[in-house]
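Note that the sequence shown covers residues 1 to 382 in the UniProt record's numbering.
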Amino acid sequence: MNNLTNIDIQAIELNISYDPAVLTATGISLTGTVLENENYMYDYSTHIPGIIYTGFMSNASHFTGTGLCLYADFTVIGASGETSDITISTAIINSQAVSTSDGIFTVAPDSPPIFSGMIPHTINEDALFSTSLTITDYETNPCDLTLTITSSDESLVPANTISYTCQSGNYYFSITPAADQYGLATITIVAEDAGGLTASASFDLTVVSVNDAPVISASSSLTMNEDTSIVFSLTATDIETAGCSLGLTWQSSDSSILSDDNISYTCTGDVFQFSLTPVENQCGNFTVSFTITDAGSFTSTHALDITVVEINDTPQIAAIDNQTQNEIAPIESLELTATDIETATCSMGITIMSSNTILLPISNIAYTCISNSFFFTSDTCF
């Protein structure tokens, strides 16, 4: 609409003709026009094929400028190459006829979908990736296109882990590479429209290797008897580092029961075999922490809770030399040293036997106990 004299536009009446064999009118819109935010009421009719009747009226402030005043919406029903004249058969502003110009609409030939927004991407290993792209098509609503997605490396990016949604022609893709895999995969998307025409586009997805922490598998607790050794197995695996090439350290929470020096190991494959030897005659509960370190300095730690069960130890008696005693003379003091891990010497039970009770009756033997020693005396030997 060219309002070169800037008159106040109070009313507009338009009749728009077209070929109903090529187009079907669906409505009128002011969105994006110079009248969109003006005080104009309007109505239209499309019930007669081949013509649109529309009218505008304002009883408030009037538009006085120049610009696009309306959009006519059509659905294309004609075949490729068919044309329709678009004719403004009636154009009246403020009850005065005005000059018009006409146009021709041509149905575009069938064409395949069009891609935009395809660029290469780089992500880290084990990361979820999201991207978007736009696919347009002249014949088919973009979100009604049929998509087929393939991957050049199924071991890195399985095609069945690629999903998508669509909103207004924008496709949003979610891609989940295989765990612990890295490298380059080319993702190819084929779009097919309602007419069976296809187009394809590809992008490269580079997955960068990221160091993974070692994984440890082992028992979390064990029980053993006092004064014994035990073997403990720990399996350590790592994506980047061979099992027996992993670094290994350990620490005991109670060195009085099990010192770090009393732990040794061998390794075969991914399995570490540890030999644990607690301190003699010690028992109790403690924890040994094992730390595995890979070539990239990533670590994993495993805690092993150990219970050493107390076992009663036999008392120890120091050797006594054979004794020679004169007849009738008493034994004045014979010392015997006895020790025990669990029981104090003077709290031990003691039993005395004589191989010749005629020569030395048991009733003639007496003793006292001081510290770790028993002192024996006897009456006269016969």
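Glycine is no exception: its CB is placed at the ideal position from the N, C-alpha and C atoms.
Note that the structure is predicted; figures quoted are calculated from it, not measured.
Does the Cβ of residue i have 16 or more other Cβ atoms within 10 Å, making it buried, or fewer, making it exposed?
i	result
Leu4	exposed
Ser101	exposed
Asp238	buried
Ala25	buried
Asp294	buried
Val157	buried
Glu125	buried
Val288	buried
Would residue i pass as a contact of residue j if the rule is Cβ separation under 8 Å?
i	j	result
Ser29	Leu68	no
Ile257	Pro278	yes
Gly81	Pro109	yes
Leu248	Phe298	no
Ala191	Leu145	yes
Thr87	Leu14	no
Thr206	Ser152	no
Gln316	Ala338	yes
Sort the options by Cα distance to residue i and report the nearest one.
i	options	result
Gly349	Thr31, Ser373, Val215	Ser373
Thr268	Leu234, Glu280, Phe290, Trp250	Leu234
Asn281	Asp260, Gln273, Thr314, Thr301	Thr314
Gly103	Ser219, Thr345, Asp19	Asp19
Leu360	Asp379, Cys346, Ser347, Thr343	Asp379
Helix, strand or coil for residue i, going by three-state DSSP, please let me know.
i	result
Gly103	strand
Ile239	coil
Ala218	strand
Cys369	strand
Ser245	helix
Glu312	Before going on, a small fix: residue 312 reads as Asn here, not Glu. Asn312 falls in the coil class under three-state DSSP.
Ser233	strand
Output the distance between the C-alpha atoms of residue i and residue j, rounded to the nearest integer angstrom.
i	j	result
Thr351	Ile328	24 Å
Phe74	Leu23	6 Å
Phe382	Glu335	With a pLDDT of 48 at Phe382, under the threshold of 50, the modelled position of that residue is not reliable, and the figure given next carries that caveat. Taking the straight line joining both Cα atoms gives about 22 Å.
Cys369	Phe375	6 Å
Ala21	Ala194	21 Å
Asn160	Ser58	59 Å
Asp340	Ser245	46 Å
Ala366	Pro330	11 Å
Glu342	Gly296	50 Å
Gln167	Ile77	25 Å
Leu222	Thr345	33 Å
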